[in-house]
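Trainee:
There are 2 protein chains.
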Amino acid sequence: MSEASGAQATAPKGRNTRQKRIVEQMLTGREDFVSAQELHQLIVDAGESVSLATVYRILQAQQQDGLVDVLRTADGEALYRKCADPGHHHHLVCRRCGAAEEVQAPTVEKWADRIAAEYGYTEIEHTIEVFGLCPRCSAAD
Amino acid sequence: MSEASGAQATAPKGRNTRQKRIVEQMLTGREDFVSAQELHQLIVDAGESVSLATVYRILQAQQQDGLVDVLRTADGEALYRKCADPGHHHHLVCRRCGAAEEVQAPTVEKWADRIAAEYGYTEIEHTIEVFGLCPRCSAAD
DNA sequence: CTACATGCAAAGAATTTGCAAATCA
DNA sequence: TGATTTGCAAATTCTTTGCATGTAG
Numbered sequence: 166m167s168e169a170s171g172a173q174a175t176a177p178k179g180r181n182t183r184q185k186r187i188v189e190q191m192l193t194g195r196e197d198f199v200s201a202q203e204l205h206q207l208i209v210d211a212g213e214s215v216s217l218a219t220v221y222r223i224l225q226a227q228q229q230d231g232l233v234d235v236l237r238t239a240d241g242e243a244l245y246r247k248c249a250d251p252g253h254h255h256h257l258v259c260r261r262c263g264a265a266e267e268v269q270a271p272t273v274e275k276w277a278d279r280i281a282a283e284y285g286y287t288e289i290e291h292t293i294e295v296f297g298l299c300p301r302c303s304a305a306d
Numbered sequence: 166m167s168e169a170s171g172a173q174a175t176a177p178k179g180r181n182t183r184q185k186r187i188v189e190q191m192l193t194g195r196e197d198f199v200s201a202q203e204l205h206q207l208i209v210d211a212g213e214s215v216s217l218a219t220v221y222r223i224l225q226a227q228q229q230d231g232l233v234d235v236l237r238t239a240d241g242e243a244l245y246r247k248c249a250d251p252g253h254h255h256h257l258v259c260r261r262c263g264a265a266e267e268v269q270a271p272t273v274e275k276w277a278d279r280i281a282a283e284y285g286y287t288e289i290e291h292t293i294e295v296f297g298l299c300p301r302c303s304a305a306d
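First to last, the protein sequences are chains A and B.
Under our numbering, the first residue of the first sequence is numbered 166, with each subsequent residue one higher.
Under our numbering, the first residue of the second sequence is numbered 166, with each subsequent residue one higher.
1. Just to make sure I have the definition right: I need the residues of chain B whose C-beta is within less than 7 Å of the C-beta of A/Glu274. Which are they?
2. Specify the secondary structure class of A/Leu326 as computed by DSSP and reduced to three states.
3. For a contact meaning CB atoms closer than 7 Å, what does A/Leu257 contact in chain B?
4. Identify the continuous beta strand (DSSP E) that holds B/Glu213 and give its terminal residues.
5. My output table needs one value for A/Asp240: the three-state DSSP class, helix, strand or coil.
6. For the beta strand (DSSP E) containing A/Cys259, name the first residue and the last one.
7. Starting from A/Ala281, trace the alpha helix (DSSP H) both ways and give me its first and last residue.
8. Note down the Cα distance separating A/Thr193 from A/Gly263, rounded to an integer number of angstroms.
9. Under the three-state reduction of DSSP, which class applies to B/Val220: helix, strand or coil?
10. Report the CB separation of B/Glu290 from A/Gly241 in whole angstroms; it is logged as a contact under 8 Å.
11. Decide yes or no for the touch test of the segment 180 to 193 of chain B against the segment 229 to 247 of chain B: beta carbon pairs closer than 8 Å, at least 3 of them.
12. Are the Cβ atoms of A/Ile293 and A/Ala265 separated by less than 8 Å?
13. Mind listing which residues of the segment 285 to 304 of chain A have their C-beta closer than 7 Å to chain B's C-betas, in chain order?
14. Would you verify that the beta carbon of B/Ala218 is, or is not, closer than 8 Å to some beta carbon of chain A?
15. Beta-carbon of B/Val268 versus every beta-carbon of chain A: anything under 8 Å?
16. Are A/Glu274 and A/His256 touching if we call contact CB-CB under 8 Å?
17. Quick check on DSSP: helix, strand or coil for A/Arg246?
18. Consider the Cβ of B/Ser179: report whether some Cβ of chain A lies at a distance smaller than 8 Å.
19. Verify whether the separation of the beta carbon atoms of B/Ala201 and B/Ala239 is less than 8 Å.
20. Between which two residues does the beta strand (DSSP E) harbouring A/Ala265 extend?
21. Name the residue from A/Glu213, A/Gln227, A/Gly285 whose alpha carbon lies nearest to the alpha carbon of A/Cys187.
22. In terms of DSSP beta bridges, what is A/Glu290 paired with?
23. Excluding sequence positions up to five away, which residues of its chain have a Cβ less than 6 Å from the Cβ of A/Gln227?
24. Beta-carbon of A/Ala201 versus every beta-carbon of chain B: anything under 8 Å?
25. At a CB-CB cut-off below 8 Å, which residues of chain B make contact with A/Ala277?
26. Let me make sure I understand the geometry here. Which of A/Arg301, A/Glu203, A/Ser216, A/Asn181 has the alpha-carbon closest to that of A/Arg261?
Shown next, in the form of structure tokens:
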């Protein structure tokens with residue numbers, strides 16, 4: 166349930182390779198969610214070269230280490246973003262431009278625990294994402 | 166917030182075909198989430214015959230008409246279930262057996278609205294799913 | 001040196017689509 | 001009859017994998 170020691174926010178697990186550095190740098194420079202394909206395109210556009218398969222592999226690894234947040238588009242595409250806050254949180258995502266805020270939801274956490282207990286469910290996990298139009302995109306309408 | 170007239174729970178939109186009836190019947194008889202592929206297999210197992218493509222087409226249509234709930238597995242697979250409650254609700258899903266409870270989350274709705282307002286987001290939508298092990302599966306451990 | 005990382009191309013899985021044949025209204 | 005639906009197979013999209021080669025440590 167709880168992490169014992171202070172986890173490194175950006176602790177690379179494997180070797181320190183060029184492609185790993187590029188992907189991480191790309192994610193760091195960006196504050197909205199991107200798909201693996203988009204990220205790969207961004208790398209190419211930046212004049213760098215990392216194969217798509219490798220981008221997938223690195224994102225997968227970072228996901229397992231909890232270094233990136235992952236969410237799924239309505240049509241099943243995975244979107245990634247570097248965690249700003251290593252702790253548990255949710256997102257308020259703009260469905261137009263991809264911008265996102267990390268939000269806390271203490272109320273919701275409690276609700277989930279209560280509901281789960283009520284039905285006798287254990288080993289609870291939850292997915293909570295809020296989509297909308299950010300102020301800028303709302304105004305652009 | 167509330168539906169004015171009593172909406173038909175199972176109002177078919179297009180023609181009343183054999184395959185549509187089979188798919189609907191299959192969904193009605195089942196109270197947990199199933200993927201399109203599983204549903205197709207269930208149909209085959211029941212000695213009926215509806216092509217996989219058609220199962221996909223029917224589910225897609227029902228989804229648009231709001232007759233089925235859709236959620237996504239962690240690896241992006243779409244799971245479907247006939248809506249028991251036509252109103253807005255969320256799910257408490259067993260990640261082992263697929264059983265699911267429909268739960269109300271007034272607290273959460275308010276939280277989402279509040280958060281959205283706080284950041285100036287408009288046209289809010291949200292996705293909230295709670296996964297865990299149902300009592301039966303918890304016991305089976 | 002040598003195990004782990006990468007690239008490439010092929011494999012996979014879920015879902016969609018084109019088109020001719022079957023079928024409901 | 002005549003427009004929808006279906007079935008089949010091929011096409012798409014996203015993602016993963018096998019294997020030979022490259023490279024960090």
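From the three backbone atoms N, C-alpha and C, an ideal C-beta is built for every residue, glycine too.
Mentor: So, from the data block:
1. As a position in the first sequence, residue 274 of chain A is number 109, starting the count at 1. Ordered by position in chain B, no residue passes the 7 Å Cβ test against A/Glu274, which lies about 10 Å from the chain.
2. Examination of residue 326 of chain A is not possible in this model, given that chain A is present from 166 through 306 alone.
3. In the first sequence, counting from the first residue as 1, residue 257 of chain A sits at position 92. In chain order: Ile280, Ala281, Tyr284, Tyr286.
4. In the second sequence, the residue the question calls residue 213 of chain B occupies position 48. Looking at the DSSP string, B/Glu213 is not in any beta strand (DSSP E), and its letter there is neither H nor E.
5. Indexing the first sequence from 1 puts residue 240 of chain A at position 75. Coil, per DSSP.
6. Position 94 of the first sequence, counted from the start, is the residue given in the question as residue 259 of chain A. 255 to 259 is the span of the beta strand (DSSP E), which, as asked, contains A/Cys259.
7. Counting from one through the first sequence, the residue named residue 281 of chain A turns up at place 116. Going by DSSP, A/Ala281 is part of the alpha helix (DSSP H) stretching over 271 to 284.
8. Position 28 of the first sequence, counted from the first residue, corresponds to residue 193 of chain A. Position 98 of the first sequence, counted from the first residue, corresponds to residue 263 of chain A. Whole-angstrom Cα-Cα distance: 15 Å.
9. Along the second sequence, one-based indexing puts residue 220 of chain B at 55. Assignment of B/Val220 by DSSP, reduced to helix, strand and coil, places it in the helix class.
10. For the purposes of this step, residue 290 of chain B is taken as residue 125 along the second sequence, with counting starting at 1. For the purposes of this step, residue 241 of chain A is taken as residue 76 along the first sequence, with counting starting at 1. Contact flag wrong, Cβ pair sits at about 17 Å.
11. At 8 Å Cβ cutoff, the stretches touch.
12. Numbered from 1 along the first sequence, position 128 holds the residue referred to as residue 293 of chain A. Numbered from 1 along the first sequence, position 100 holds the residue referred to as residue 265 of chain A. Contact flag unset, no.
13. Gly285, Tyr286, Thr287, Glu288, Ile289, Glu290, His291, Thr292, Ile293, Glu294, Val295, Phe296, Gly297, Leu298, Cys299, Pro300, Ser303
14. Taking the second sequence and counting its residues from 1, the one referred to as residue 218 of chain B is at position 53. For B/Ala218, the nearest beta carbon of chain A is not closer than 8 Å to its own beta carbon.
15. In the second sequence, the residue the question calls residue 268 of chain B occupies position 103. Yes, contact with chain A.
16. Here the question's residue 274 of chain A lines up with position 109 in the first sequence. Here the question's residue 256 of chain A lines up with position 91 in the first sequence. No, the Cβ-Cβ distance between A/Glu274 and A/His256 is not below 8 Å.
17. Working through the first sequence from its first residue, we reach residue 246 of chain A at position 81. It is a strand residue.
18. Mapped onto the second sequence, residue 179 of chain B falls at position 14. The residue asked about is misnamed: residue 179 of chain B is Gly in this sequence, not Ser. For B/Gly179, the answer is no, since every Cβ of chain A falls outside 8 Å of its Cβ.
19. Walking along the second sequence from the start, residue 201 of chain B turns up at place 36. Walking along the second sequence from the start, residue 239 of chain B turns up at place 74. Not closer than 8 Å, so no.
20. Counted from its first residue, the first sequence places residue 265 of chain A at position 100. Here the beta strand (DSSP E) through A/Ala265 covers 265 to 268.
21. In the first sequence, the residue the question calls residue 187 of chain A occupies position 22. Note on identity: in this sequence residue 187 of chain A is Ile, with Cys being the wrong assignment. That would be A/Glu213, whose Cα lies nearest to the Cα of A/Ile187.
22. Mapped onto the first sequence, residue 290 of chain A falls at position 125. In the DSSP output, where bridge partners are listed per residue, A/Glu290 has B/Phe296.
23. By 1-based counting over the first sequence, the position of residue 227 of chain A is 62. Excluding residues within five positions, the ones whose Cβ falls inside 6 Å are Val233.
24. Taking the first sequence and counting its residues from 1, one reaches residue 201 of chain A at position 36. It does not: the Cβ of A/Ala201 has no partner Cβ on chain B nearer than 8 Å.
25. By one-based count along the first sequence, residue 277 of chain A stands at place 112. By Cβ distance, chain B contributes Val295.
26. In the first sequence, counting from the first residue as 1, residue 261 of chain A sits at position 96. By alpha-carbon distance to A/Arg261, the top candidate from A/Arg301, A/Glu203, A/Ser216, A/Asn181 is A/Arg301.
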